[in-house]
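Engineer:
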Amino acid sequence: MSTQRVIDFRYAPPVSWTNICYPDDPYKSLVSESGALLYGFDSLTFFSWRFKRVIEFSLVSADKPIHVTQQTESARVPVVVTTITYPTAVLQLRTFAHLDAAGRRTDIVLWEIQVNQEVDEILTGLHIDLTEQGVVFTGRSVAPARTIYAVPIDKFEPPDFWRAISTYHVEDESVPPPGDLVLVSAPQRLVHTHPTGFRYVGSLSTEPRIVKGGETMHGALILPLNYQDSDGLDESWAYRALNEARQFWLEYPLLRRKVQVPDPAVMDMVVALARNILQAREIKDGFPIFQVGSTCYRGLWVVDGHFLLEVAQYLGYEQDALRGIDALLQYVHPDGSIARMPFHTKESAIAIATLIRQTELSGREDKLRELWPVILNAVSYIEGLRAQADALPENAPGHGLMPPAFGDGGVGGERGEYTTPLWTLFGLKAAAEAAERLGYAEDATRIRQDFETLLSNFRAHVKRHQKLLPDGVPYIPPVYDNSGMHHWIPGYPEVVQRQNELQPQSATWALCQAIWPGEVFAPDDPIVQNLLHLTDLIDDEEGIPANTGWLPYRAVWNYHASFAAHVWLYAGRPDKAVDYLYAFANHAAPTRVWREEQSLKSSHNGQMIGDMPHNWASAEFIRIVRHLLVFERGETLELLPGLPENWIFPGAIVELEETPTRFGPISLKLEVGEERSFHLRIACNPAWPRHPSAFRLWLPFGSKAYLDDTALSQTNDGWFELPWVASMTLEGVLARGGA
Numbered sequence: 000m001s002t003q004r005v006i007d008f009r010y011a012p013p014v015s016w017t018n019i020c021y022p023d024d025p026y027k028s029l030v031s032e033s034g035a036l037l038y039g040f041d042s043l044t045f046f047s048w049r050f051k052r053v054i055e056f057s058l059v060s061a062d063k064p065i066h067v068t069q070q071t072e073s074a075r076v077p078v079v080v081t082t083i084t085y086p087t088a089v090l091q092l093r094t095f096a097h098l099d100a101a102g103r104r105t106d107i108v109l110w111e112i113q114v115n116q117e118v119d120e121i122l123t124g125l126h127i128d129l130t131e132q133g134v135v136f137t138g139r140s141v142a143p144a145r146t147i148y149a150v151p152i153d154k155f156e157p158p159d160f161w162r163a164i165s166t167y168h169v170e171d172e173s174v175p176p177p178g179d180l181v182l183v184s185a186p187q188r189l190v191h192t193h194p195t196g197f198r199y200v201g202s203l204s205t206e207p208r209i210v211k212g213g214e215t216m217h218g219a220l221i222l223p224l225n226y227q228d229s230d231g232l233d234e235s236w237a238y239r240a241l242n243e244a245r246q247f248w249l250e251y252p253l254l255r256r257k258v259q260v261p262d263p264a265v266m267d268m269v270v271a272l273a274r275n276i277l278q279a280r281e282i283k284d285g286f287p288i289f290q291v292g293s294t295c296y297r298g299l300w301v302v303d304g305h306f307l308l309e310v311a312q313y314l315g316y317e318q319d320a321l322r323g324i325d326a327l328l329q330y331v332h333p334d335g336s337i338a339r340m341p342f343h344t345k346e347s348a349i350a351i352a353t354l355i356r357q358t359e360l361s362g363r364e365d366k367l368r369e370l371w372p373v374i375l376n377a378v379s380y381i382e383g384l385r386a387q388a389d390a391l392p393e394n395a396p397g398h399g400l401m402p403p404a405f406g407d408g409g410v411g412g413e414r415g416e417y418t419t420p421l422w423t424l425f426g427l428k429a430a431a432e433a434a435e436r437l438g439y440a441e442d443a444t445r446i447r448q449d450f451e452t453l454l455s456n457f458r459a460h461v462k463r464h465q466k467l468l469p470d471g472v473p474y475i476p477p478v479y480d481n482s483g484m485h486h487w488i489p490g491y492p493e494v495v496q497r498q499n500e501l502q503p504q505s506a507t508w509a510l511c512q513a514i515w516p517g518e519v520f521a522p523d524d525p526i527v528q529n530l531l532h533l534t535d536l537i538d539d540e541e542g543i544p545a546n547t548g549w550l551p552y553r554a555v556w557n558y559h560a561s562f563a564a565h566v567w568l569y570a571g572r573p574d575k576a577v578d579y580l581y582a583f584a585n586h587a588a589p590t591r592v593w594r595e596e597q598s599l600k601s602s603h604n605g606q607m608i609g610d611m612p613h614n615w616a617s618a619e620f621i622r623i624v625r626h627l628l629v630f631e632r633g634e635t636l637e638l639l640p641g642l643p644e645n646w647i648f649p650g651a652i653v654e655l656e657e658t659p660t661r662f663g664p665i666s667l668k669l670e671v672g673e674e675r676s677f678h679l680r681i682a683c684n685p686a687w688p689r690h691p692s693a694f695r696l697w698l699p700f701g702s703k704a705y706l707d708d709t710a711l712s713q714t715n716d717g718w719f720e721l722p723w724v725a726s727m728t729l730e731g732v733l734a735r736g737g738a
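Under numbering that gives the first Met the number 0, the sequence shown has 84 at position 85, and the numbering climbs by one with no breaks.
(1) Enumerated in chain order, which unbroken segments of the alpha helix (DSSP H) with a length of 4 residues or greater are wholly contained in the stretch 225 to 275?
(2) Note the first and the last residue of the continuous beta strand (DSSP E) segment covering PHE306.
(3) When burial is assigned at 16 or more other CB atoms within 10 Å of the CB, is THR195 buried or exposed?
(4) From what residue to what residue does the beta strand (DSSP E) around TYR21 run?
(5) In whole angstroms, what is the alpha-carbon distance linking GLN747 and ILE112?
(6) How many Å lie between ASP267 and LEU299 at the Cα?
(7) What are the residues that DSSP puts in a beta bridge with PRO691?
(8) Have a look at ILE276 and ARG625 and give me their C-alpha separation to the nearest angstrom.
(9) Which value, in whole angstroms, describes the spacing of the CA atoms of PRO544 and ALA563?
(10) Helix, strand or coil for VAL135 per DSSP?
(11) Note the first and the last residue of the continuous beta strand (DSSP E) segment covering PHE95.
(12) Going by other Cβ atoms of all chains shown within 10 Å of its Cβ, with 16 needed for buried, is ALA459 buried or exposed?
(13) How is ALA704 classed by DSSP in three states: helix, strand or coil?
(14) DSSP on GLN597, reduced to helix/strand/coil?
(15) If you draw a straight line from the C-alpha of PHE136 to the C-alpha of ALA279, how long is it?
(16) Is the beta carbon of GLY124 sitting closer than 7 Å to the one on ARG208?
(17) On the DSSP letters alone, give me the boundaries of the alpha helix (DSSP H) that SER33 sits inside.
(18) I'd like the span of the alpha helix (DSSP H) that includes ALA435, first residue to last.
(19) Taking all protein chains shown into account, do 16 or more other C-beta atoms lie within 10 angstroms of the C-beta of VAL78, making it buried, or fewer, making it exposed?
(20) LEU627 and THR660 look like a contact to me (Cβ under 8 Å); what is the Cβ gap, rounded to whole Å?
(21) Between GLY415 and GLY397, which are expected to be in contact by the criterion C-beta below 8 Å, what is the C-beta distance as a whole number of angstroms?
(22) Would you call the CB atoms of LYS51 and GLY39 closer than 7 Å?
(23) For the alpha helix (DSSP H) holding GLU369, just list the boundary residues, first then last.
(24) For ALA404, count the other beta carbons within 10 Å of its own beta carbon; 16 or more makes it buried, fewer makes it exposed. Which is it?
(25) Terminal residues of the continuous beta strand (DSSP E) containing HIS532?
(26) How long is the line joining the alpha carbons of SER235 and HIS97, rounded to whole angstroms?
(27) Mapping DSSP to helix, strand and coil, what is TYR296?
(28) Kindly indicate which three-state DSSP category TRP515 falls into: helix, strand or coil?
(29) Out of curiosity, what's the CA-to-CA distance linking ALA509 and ILE374?
(30) To the nearest angstrom, how far is it from the Cα of TRP16 to the Cα of SER31?
(31) To the nearest angstrom, how far is the alpha carbon of MET727 from that of HIS532?
(32) Measuring alpha carbon to alpha carbon, tell me which of TYR148, GLU281, VAL260 and ALA271 ends up nearest ILE221.
(33) Using three-state DSSP, classify VAL181 as helix, strand or coil.
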């Protein structure tokens, strides 16, 4: 697999939702790829999504759009600009959210129609289709109106036909509103018109106007979300609101710890993704919940939350991340489990790993000791699961491993699957090592024995159940029982169609995470090498592994790219990790948001799974960037292990400021000069209670590095050993051959 290291969104999904709201905003307003506003997400089933209110915009014209483009004003400012090009004119929609000092939340669409120069004139305006069941969208009467209301259909009185078309009507704004305020149009008034496709929906347009070639018309649509007063809402107010929204985002401290990389496109992704994470966040019961998304995944998710909270720490939101622990602890149950979904039995192990990771990043050994009884109870719960597995008949597929469970990430239903034992190994290993550090010898011995026994059972089980790829290389199958190959439904009684059939790479997410950051398996372990072999076979078409999740037919789980990239980095192939970083970015929409899963472009299928913006994806991109620069490998701390070759040029700067690690905050600033000379400043905190057993720097082999005018020796694989001191400055020359 090879890929250009250019971010151009070449694999952007055909359907996208972009969030325009504020941080912690309960009004998660979304803009579709066509510029429509989407409100009130609802799902009939997980495969049938809809929004209670959809507001679509188009040109009053007989022509269909030629093409549509969409972007945000900048990575930092979520003002969504949708440009819809028609044969005779261009309609531009500038959509954003506004929050005033009184807490009034408003969505605003500033629209402009630019008629092409070569056109004589056209009769046109802005067309609006409004879809919501059970309501009529209208003014106070049939008259052209600036204020539009949602009137329950049983309370709407249609006008007399003859009077409606042959009488001059003027809206009487002193009449009480007939329903809830939906929008205010300024300065144009809106009139009823035919809906697109003559659907049973509300349809309005600005009063049509003849516009000559080269001329424009423009206006504002103002949508109050939590108030009914329309006084003062005019076009001037809308432009003031735009300036205030821009100023808010330009001043908001998205990156509370400095992150700088020399590729502007990657840097823009990091900034936008930090914003996406905060836009999806919500305060619930006093806790800041780092939510995966604004629609189908709007809430706390245990595995997603592990990585979202880690990235919150990386971005400098330490206290919010620690409050996330408190939110997680709401799901502690009397049996010791820590789970949001009882059938998702791996959640207890994930929660153990989360509690330990958060306390180590904050240096809060006191907090870990406080949480230790919770962790021990979760370990006891896991031991109970293991006892259940041991009690299964000896010929049962899960005997000696784990009871049937929900796999997730490509394996549905409760069945014999490997994601649960893999994450359980991760959690037990983390707990055993934490007990050893805390000096809890008895607990350490107990949990270490749990881990070693499960690992031995896992290896034996895999040896019995592993299968072979066509080239003869072994792989761990996604399920090992007789539940069949349907990816959602165990025991599916019909012939499994190809689009529903489990693949060798299905649900390898947990194996990736057990490898790193779990470090359950060493880089040279055959389990790791076989997974990388499989991954390398399936990443050619779009640069990231295909068919790894809930869409097993010609599709990608976008942020699985990060899971696999981290395994490549751990196993000594940073070049593959960097390639995946760029290919992963190219699966986002130009507004820098991802769908969870989508079809390969060549398939022309349009399959989709999961939320959008999907902020586990946002977190994973930030994680790759951080870990290419600072990587924790057991008790070793590595600097620049994945420094991309395309980031090495005169004037390039790579900087992380106090990025948290288990060994304390690390700062580094690499400045590249002419002829690949470099200046590298490094700072750490030797007073931090936990020190690395090794501290090392990777540079392309053949680089020269000097510390206090003393040449440092480089290993054949590119490493320089460094002293663990408060600060140091290195200078030298970089050889060619970055990651």
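Cβ atoms here follow ideal geometry from the backbone N, Cα and C, with glycine treated the same way. Keep in mind that this is a model prediction, so the values were computed, not measured.
Structural biologist: Looking at the coordinates:
(1) For the stretch 225 to 275, whole alpha helix (DSSP H) runs of length 4 or above, ordered along the chain, are 234 to 250.
(2) Run containing PHE306: none in the beta strand (DSSP E); it sits in the alpha helix (DSSP H), 301 to 314.
(3) exposed
(4) Premise fails: TYR21 is in no beta strand (DSSP E) and is neither H nor E.
(5) Missing from the structure shown is residue 747; the chain here goes from 0 to 738 and no further.
(6) Cα to Cα, ASP267 sits roughly 27 Å from LEU299.
(7) Paired residue(s): none; PRO691 is not in a bridge.
(8) 16 Å
(9) Cα to Cα, the separation comes out at about 8 Å.
(10) strand
(11) 88 to 98
(12) exposed
(13) It is a strand residue.
(14) strand
(15) 29 Å
(16) yes
(17) From DSSP, SER33 is part of no alpha helix (DSSP H); its letter is neither H nor E.
(18) For clarity, residue 435 is Glu in the given sequence; the question names Ala instead. Run containing GLU435: 418 to 437, per the alpha helix (DSSP H) assignment.
(19) buried
(20) Wrong, their Cβ atoms sit about 14 Å apart, outside the cutoff.
(21) Contact annotation, GLY415 with GLY397: C-beta distance approximately 5 Å; criterion of less than 8 Å satisfied.
(22) Yes, these two residues count as a Cβ contact at 7 Å.
(23) Annotation for GLU369: the continuous alpha helix (DSSP H) segment containing it runs 364 to 390.
(24) It is buried - the Cβ of ALA404 has at least 16 other Cβ atoms within 10 Å.
(25) Run containing HIS532: none in the beta strand (DSSP E); it sits in the alpha helix (DSSP H), 525 to 536.
(26) In this structure, the CA atom of SER235 is about 14 Å from the CA atom of HIS97.
(27) coil
(28) coil
(29) 21 Å
(30) 5 Å
(31) 39 Å
(32) TYR148
(33) strand
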